[in-house]
Amino acid sequence: MSEKNFPEVIKEIHHKDDRFGKGAYYFIREALDHTLKNLEKSNKKNKGHVSGIELLNGIRDYALDRFGPMTMTLMEHWNISKCRDFGDIVFNLVDHGILGRTENDSLDDFEGGYNFKDAFELPFLPKDQSKSELN
């Protein structure tokens, strides 16, 4: 990660691309730190690099741990509705020199991912409530 003034860079990004709330950028940065620490603990040799799928899983775990049942509400507040949105935020940070990337990294790494309702609401529903009630 870069030593650039993060709040200033976020203002610059948001001025050019205001699709997502400013808080989403801070959240992604925290989720990346969380993901790196967890990969370190599991002895994965990532050398400071996280794949798109690893980051998506880390984002989900961090969000559920930090925000619990309010996660989906917060994602909606930040205008994040799918995993690709996380990728757009990450690549905005890459384009502004906050995060690095390898030649193998692509925005397509964030396509698909997981269903937000399944990831962020289902864990908090009563056990006898079926998934079909989410739709």
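Going by our numbering, the sequence shown opens with residue 501, and the numbers climb by one from there.
Every residue gets a Cβ at the ideal spot worked out from N, C-alpha and C, and that includes glycine.
Check: According to the neighbour-count rule (16 or more other Cβ atoms, all chains shown, within 10 Å of its Cβ), is Leu599 buried or exposed?
Finding: So Leu599 counts as buried.
Note to self: Please classify Met575 as buried or exposed, where buried requires at least 16 neighbouring CB atoms within 10 angstroms.
What the structure shows: Met575 comes out buried.
Note to self: By the three-class DSSP mapping on this structure, what secondary structure does Pro626 have?
What the structure shows: DSSP places Pro626 in coil when its eight states are reduced to three.
Item checked: Beta-carbon separation (whole angstroms), Leu556 vs Phe586, contact threshold 8 angstroms -> At roughly 7 angstroms, the Cβ-Cβ gap stays under 8 angstroms, so Leu556 and Phe586 are in contact.
Margin query: Quick check on DSSP: helix, strand or coil for Ile513?
Written below: In this structure, DSSP gives Ile513 a helical state, which the three-state scheme calls helix.
Check: Is the Cβ-Cβ distance between His514 and Lys504 less than 7 angstroms?
Finding: Remark: C-beta atoms of His514 and Lys504 do not approach each other more closely than 7 angstroms.
Checklist line | Rounded distance between the beta-carbons of Phe624 and Ile580, thought under 8 angstroms | finding: Going by Cβ atoms, the distance from Ile580 to Phe624 rounds to 18 angstroms, so no, they are not a contact pair.
Next item on the list: Could you give the DSSP three-state label for Leu574: helix, strand or coil?
Entry: Helix, per DSSP.
Check: Roughly how many angstroms separate the alpha carbons of Asp605 and Lys582, rounded to a whole number?
Finding: Each residue's Cα considered, the two are about 18 angstroms apart.
Next item on the list: Kindly indicate the opening and closing residues of the alpha helix (DSSP H) around Ile553.
Entry: It spans Gly552 to Phe567 - the alpha helix (DSSP H) in which Ile553 sits, taken as one unbroken run.
Next item on the list: Compute the distance between the beta-carbons of Phe506 and Gly552, then report whether it is under 7 angstroms.
Entry: The Cβ-Cβ distance between Phe506 and Gly552 does not fall below 7 angstroms.
Note to self: Measuring only the C-alpha atoms, how far is Glu554 from Ala563?
What the structure shows: Roughly 14 angstroms separates the two Cα atoms.
Note to self: Quick check on Tyr614: does DSSP put it in helix, strand or coil?
What the structure shows: Coil.
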